[in-house]
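Everything below concerns the one structure shown next.
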Amino acid sequence: MKSYIVSTEVAVTSFQQALDAILLMCETRQQGYVCLANVHMCMEAYDDPDFASLLRRARLVLPDGRPLLWMQRLQGYSSASQVRGQDMFLALCEQAQDKEIRVGIYGGEDSVLLQSLTDTLLHRFPRLRLVYRYAPPFRPLTAEEEHKVAEDIRQLDVQLLLVALGCPKQEKWMASHQHLGPLMIGIGAAVDFIAGRKSSAPRWMQKVGLEWFYRFGQEPKRLFWRYIKHNPRFMLLGLRQLVLFWWQILCRKSRQS
């Protein structure tokens, strides 16, 4: 089941259902990519038809952001749940350890962060088969570097590739590299939080939808223009969508009475 949020079709699911679906795709060697959507991603899709098309081709688009969950519930999907990227990352690693799924990580700001992330993951999940790690440079890769990435992923038989390049770069990368074989999931800034480079928002802030505000306090220069550009427009577009949705319901009820 899917709901339409501003410009993006987002799965209506529970956290466990989403986790089980991803694990099944890994175990059955299905190619493709999974996107964890938030306000930023929805507005990128609204502004860019090509990016919107890319999201429609994803295996799953899951509601990572709290506002997306609220939109689903206000459209009548009372059983909808948030699928928070950081929680999904850790749950996948825990299950991959038990199911012996071969995991890779592509992304992260630098090799130091990637090593810190690796140490954290292997401390928590000592039997995790973390077979591939690569923090690419910020410039485009050369043809030789692209070839090495592809060969390493294939030779190491990666089944689940966690991609941390940030939106929309990671989604575009996954769409253009899904032929490499593993199931891919875009995890964005989750690597920074799990590695301890950034602190996570308190749970109460997450529950009331203020995680974005906490992150803004950590990185005001980087996030200011993103939030100014996207958040007010999302609120207006989302409100318009909900008003139309409720109006259609009222019209149907009036015709039936």
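Taking this note's numbering, the leading residue of the sequence shown gets 5, the next gets one more, and so forth. C-beta: ideal position from N, C-alpha, C; glycine also. Quick caveat, the model's predicted, so the values are computed rather than measured.
| Asked | Found |
| --- | --- |
| Delimiting residues of the beta strand (DSSP E) encompassing Ile188 | It is worth fixing the name first, because residue 188 is Met in this sequence and not Ile. Looking at the DSSP string, the run of the beta strand (DSSP E) that includes Met188 is Leu187 to Gly190. |
| Residue from Phe249, Met239 and Gly190 whose Cα sits closest to the Cα of Leu72 | Met239 |
| Opening and closing residue of the alpha helix (DSSP H) in which Lys152 lies | Ala147 to Gln159 |
| Terminal residues of the beta strand (DSSP E) in which Cys39 lies | Gly36 to Ala41 |
| Distance CB(Ala168)-CB(Val195) smaller than 8 Å | yes |
| Bounding residues of the alpha helix (DSSP H) (the contiguous stretch that carries Leu184) | Taken as a continuous stretch (DSSP letters only), Leu184 belongs to no alpha helix (DSSP H), as it is neither H nor E. |
| Three-state secondary structure assigned by DSSP to Tyr81 | coil |
| Of the residues Gly213, Leu117, Lys202 and Met188, the one placed nearest Ala25, counting alpha carbons only | Met188 |
| Pro67 (DSSP reduced to helix, strand or coil) | strand |
| Check whether Val162 and Arg106 have beta carbons under 8 Å apart | yes |
| Boundaries of the beta strand (DSSP E) in which Ser7 is found, first to last residue | Lys6 to Ile9 |
| Whole-angstrom distance between Leu165 and Val65, CA atom to CA atom | 16 Å |
| Cβ-heavy atom distance, Pro144 to the ligand SAH, below 7 Å | Within the structure as shown, the ligand SAH is missing, as the structure has no ligands at all. |
| Simplified DSSP assignment, three categories, for Thr17 | coil |
| Cα-Cα separation, Ser83 to Trp74 | 11 Å |
| Coarse secondary structure for Leu134, derived from DSSP in three states | strand |
| Cβ-Cβ separation, Gly112 to Ala139 (assumed contact under 8 Å), whole Å | 4 Å |
| Sequence-distant residues of the same chain with beta carbon closer than 7 Å to His44, five excluded per side | Cys171, Arg230 and His234 |
| Through-space distance from Trp251 to Ala193, alpha-carbon basis | 38 Å |
| The stretch 86-94 contacting the stretch 146-161, beta-carbon criterion three pairs below 8 Å | no |
| Inter-residue Cα distance where the pair is Glu104 and Leu184 | 20 Å |
| 7 Å Cβ shell around Pro4 - same chain, five flanking residues per side excluded | Examination of residue 4 is not possible in this model, given that the chain is present from 5 through 261 alone. |
| Bounding residues of the alpha helix (DSSP H) (the contiguous stretch that carries Gly108) | Careful: Gly108 lies outside any alpha helix (DSSP H), inside the beta strand (DSSP E) at Arg106 to Gly111. |
| Glu253 to Arg259 span [Cα, whole Å] | The residue asked about is misnamed: residue 253 is Ile in this sequence, not Glu. Rounded to the nearest angstrom, the two C-alpha atoms are 10 Å apart. |
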